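All residue numbers for the sequence shown refer to numbering that gives the first Met the number 0, where the first residue is 0 and numbers rise by one. Virtual Cβ for every residue (Gly too), placed ideally from N, Cα, C. None of these values were measured; they are calculated from a predicted model.
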Amino acid sequence: MHDFRHRLSHFVLGRPATMRFLALLLAATVCFSSATPLAAQALPGARAQYVLLVSIDGARPDGLRAAGVGPILQEGSYSMTAQTTVPSGTAPTHMSMVSGVGSEKHGVRDNSWEPGRPYPAAPTIFSVGKRAGLRTALFTQKPYVRVIADPQYMDRVELVPWRPATLTSDLIAAASAYIRSARPHVMLAHISDPDAAGHAEGWMSFGYLQSLRRALSGVGSLRQSLRDAGIEAQTLVIVTADHGGIDKDHVAVVPEVLTIPWIILGSGVKKGHAIEQPVRIYDTAATILHALGMTVPADWDGKAVIEAFAARPLAPVAYRR
Ligand SMILES: [Zn+2]
Numbered sequence: 000m001h002d003f004r005h006r007l008s009h010f011v012l013g014r015p016a017t018m019r020f021l022a023l024l025l026a027a028t029v030c031f032s033s034a035t036p037l038a039a040q041a042l043p044g045a046r047a048q049y050v051l052l053v054s055i056d057g058a059r060p061d062g063l064r065a066a067g068v069g070p071i072l073q074e075g076s077y078s079m080t081a082q083t084t085v086p087s088g089t090a091p092t093h094m095s096m097v098s099g100v101g102s103e104k105h106g107v108r109d110n111s112w113e114p115g116r117p118y119p120a121a122p123t124i125f126s127v128g129k130r131a132g133l134r135t136a137l138f139t140q141k142p143y144v145r146v147i148a149d150p151q152y153m154d155r156v157e158l159v160p161w162r163p164a165t166l167t168s169d170l171i172a173a174a175s176a177y178i179r180s181a182r183p184h185v186m187l188a189h190i191s192d193p194d195a196a197g198h199a200e201g202w203m204s205f206g207y208l209q210s211l212r213r214a215l216s217g218v219g220s221l222r223q224s225l226r227d228a229g230i231e232a233q234t235l236v237i238v239t240a241d242h243g244g245i246d247k248d249h250v251a252v253v254p255e256v257l258t259i260p261w262i263i264l265g266s267g268v269k270k271g272h273a274i275e276q277p278v279r280i281y282d283t284a285a286t287i288l289h290a291l292g293m294t295v296p297a298d299w300d301g302k303a304v305i306e307a308f309a310a311r312p313l314a315p316v317a318y319r320r
C-alpha cells in the first residue's frame, strides 16, 4: 500500500491538471476504502465490543431463583433488588431501560403507541450506538414495544408473532439466527411469555414459573448463538426485566412489582459478585454505553454500574465486521 501511494504521487506530479485531478480522486478512494471504519476499533477503555440485552417481561427475582437462575448468577455480577420505574407498564419501563431516563423525561407513560405515531426524542442505546457506526437490533413480540426503537437508528426491528403453540421459541430462534448472521453490536431480545403467564395464571403460579424456565433456556440459546458467531468473549450480556408482578397484574406500587433482576455477565465483568450499590432500570442504558467505551450523557438519570466490572478494561481488539 505504501509503495502504491508513493508511485501514485510520483505519477500525479508529472501530469496535466485533469489527469492530476483524476489521479487524486483515485488516491482518495484507495485511502478511504482502506481506512478502518469508525466501529471497527474498540474504543479506549471499552469493556466489550458487543452487548446483548435480554429483557424477560415480568420476571420477578424470586421467580427467577425458583426457576433455576442460580448458576447464571455465579457466572457474572447481579442485583436481585434492582428497581424499575413508575408507571410500571411495559413500554415506559423498556424506554427507561434503553434511554437512561425516567418516564417524566422520555415521555412514554403507557402502552398506547402504534405504528405511524412519533418516536420519543430521548437518545437511546440504539441512537447513540448507530451514530457511532454500530449495528443495532430489537426483537420483540409486543407491537407497542417498538416505540423504543426509532427505525432511523435500527439495522433490524423484528416483531415476532406470539403463538400459544410455540411460546418463546419463535422469538429465540429469530433472535439467535440474527446474532449468528449479523453479529449486532447493540441488541435487545425481549421475551414476553412470562408476562402473559402472569396475567393469565398469576405471578409465581406454576405456569408463570414454567414460563421463566423457558425464558432461561432461551437465554442459554442466545448465548450459544454468540458462541456460534464467534463473539461470546467480546460480548457483554445483561439479563433483566421491565417489571415484576403480583396476583395477575403489575400496576400496584409494591415491591413485588417494582423489584427486578439485573444480571450482567461476559466481557469485562466480575464473576460471582453480588452488586451492593442500588441499581435502577435506567442504569442499564448507562452501563451499556460505559461498557462500549462511550460517554454516558450527563443529563441521564442512569449511571453505569461500575462495580460490576473487573478492574482492567478489555485489551483493544479490532471489531469483527
Ligand atoms: Zn411488561
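With the cut-off set at 8 Å, would you say residue i and residue j are in Cβ contact?
i: ASP154; j: ALA136; result: yes
i: THR167; j: ALA214; result: yes
i: PRO193; j: LEU211; result: yes
i: LEU133; j: VAL97; result: no
i: ALA339; j: ALA195; result: This structure cannot settle anything about residue 339, because the visible part of the chain is limited to 0 through 320.
i: ILE287; j: ILE124; result: yes
i: LYS141; j: GLY197; result: no
i: ILE190; j: GLY217; result: yes
i: ALA47; j: LEU291; result: yes
i: HIS272; j: SER76; result: yes
i: GLY243; j: VAL256; result: yes
i: VAL156; j: PRO150; result: yes
i: ALA307; j: ILE274; result: yes
i: ASP282; j: LYS302; result: yes
i: THR296; j: GLY99; result: Note on identity: in this sequence residue 296 is Pro, with Thr being the wrong assignment. Contact flag set, yes.
i: SER126; j: TYR152; result: yes
Does the beta-carbon of residue i have 16 or more other beta-carbons within 10 angstroms, so that it is buried, or is it exposed?
i: ILE263; result: buried
i: ARG59; result: buried
i: ASP56; result: buried
i: THR294; result: exposed
i: SER266; result: buried
i: ARG332; result: Since the first residue of the chain shown is 0 and the last is 320, residue 332 is not available in this structure.
i: VAL250; result: exposed
i: ILE71; result: buried
i: ARG279; result: buried
i: PHE138; result: buried
i: SER180; result: exposed
i: ASP298; result: exposed
i: GLN73; result: exposed
So residue i is in the beta strand (DSSP E); what residue range does that whole segment cover?
i: PRO193; result: No beta strand (DSSP E) holds PRO193; the alpha helix (DSSP H) holding it covers 192-200.
i: TYR49; result: 49-55
i: LEU235; result: 234-239
Identify the continuous alpha helix (DSSP H) that holds residue i and give its terminal residues.
i: LEU63; result: 60-65
i: MET218; result: Per the sequence shown, residue 218 should be read as Val rather than Met. Looking at the DSSP string, the run of the alpha helix (DSSP H) that includes VAL218 is 205-228.
i: SER168; result: 168-181
i: THR80; result: Premise fails: THR80 lies in the beta strand (DSSP E), 76-82, not in any alpha helix (DSSP H).
i: ILE305; result: Per DSSP, ILE305 belongs to no alpha helix (DSSP H) and is neither H nor E.
i: THR165; result: First-last for THR165: undefined, no H or E at that position.
i: ASP282; result: 282-290
Flag this pair as touching only if the region 74-91 and the region 104-118 have three or more C-beta atom pairs under 8 Å; answer yes or no.
-> yes
Do the region 117-124 and the region 55-65 make contact, defined as three or more Cβ pairs closer than 8 Å?
-> Touching, no.
Quick one: which unbroken alpha helix (DSSP H) runs of 4-plus residues sit fully inside the region 89-163? Chain order, please.
-> 89-98, 102-105 and 124-130
For the region 223-241 against the region 256-270, are there 3 or more C-beta pairs whose distance is under 8 Å?
-> yes
Segments assigned alpha helix (DSSP H), at least 4 residues, entirely inside the region 245-276 = 254-257
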